[in-house]
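For the sequence shown, my numbering gives the first residue as 1485, with consecutive numbering after it.
Glycine included, each C-beta is placed from N, C-alpha and C at the ideal position.
Below: the structure, in structure tokens.
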Amino acid sequence: MGEESRTLTGGCKCSLVRYECNAEPALIFNCHCEDCQHFSGAPCTTAVIVPEDQLVVNGELAGFKTVGENGGVVHRYFCPTCGTPVIVKPEAFLGMKAIKASSLDDSSWVRPQMDIFLKSKQPWIELASGTEKYNEAPS
1485 MGEESRTLTG GCKCSLVRYE CNAEPALIFN CHCEDCQHFS GAPCTTAVIV
1535 PEDQLVVNGE LAGFKTVGEN GGVVHRYFCP TCGTPVIVKP EAFLGMKAIK
1585 ASSLDDSSWV RPQMDIFLKS KQPWIELASG TEKYNEAPS
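So, in structure tokens, the structure goes:
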């Protein structure tokens, strides 16, 4: 994230859900899987992976569980009032949660390290040259 440590803050569009995280992200990636495309309404979603015990959420989130084509279970959390996707909990990421980069108050510093599930990538999307690339999830 840079030389200076920062507190990550964000939330939903209507501000009924707010969060704060004082930990540096463990990983940042773009996911191009079909589920992320459907739930984000975009060709991919950018996930900022943080320790779940450092993420404090204020407000009620609604949730929806999905099982991807590779069998991975993902819990997706969003504001029940405005529908903003806020947090994702892939069960494969023990002790971690993914903040949706689009829900950050300031996402200008976000630099994804990898692009995953490229087998589902929209053909009109151009990838950044500096990311690791995987057809599915990295092992």
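Residue range of the beta strand (DSSP E) that residue i falls in?
i: D1599; result: M1598 to I1600
i: F1523; result: Careful: F1523 lies outside any beta strand (DSSP E), inside the alpha helix (DSSP H) at E1518 to S1524.
i: E1562; result: Checking the sequence, you will find Phe at residue 1562 rather than Glu. V1557 to F1562 is the span of the beta strand (DSSP E), which, as asked, contains F1562.
i: G1494; result: L1492 to G1495
i: K1547; result: Looking at the sequence itself, residue 1547 is Gly, so the reference to Lys does not match. Unbroken beta strand (DSSP E) run through G1547: A1546 to V1551.
i: K1605; result: First-last for K1605: undefined, no H or E at that position.
Below 8 Å on the Cβ atoms is my guess for residue i versus residue j; work out the distance and round it to an integer in Å.
i: K1584; j: P1574; result: Not quite, the Cβ-Cβ distance comes to about 13 Å (not below 8 Å), so this is no contact.
Which partner residues of residue i appear in the DSSP bridge assignment?
i: S1539; result: Sequence inspection shows Leu at residue 1539; the Ser mentioned does not correspond to that position. DSSP lists C1505 as partners of L1539.
i: C1515; result: T1529 and I1600
Does the distance from the CB of residue i to the CB of residue j come in under 8 Å?
i: M1580; j: E1536; result: yes
i: R1560; j: V1572; result: yes
Counting Cβ pairs closer than 8 Å, one from the segment 1488-1502 and one from the segment 1598-1610, do we hit at least three?
no
Under 8 Å, with one C-beta from each stretch per pair, do the segment 1523-1537 and the segment 1586-1595 reach the 3-pair mark?
yes
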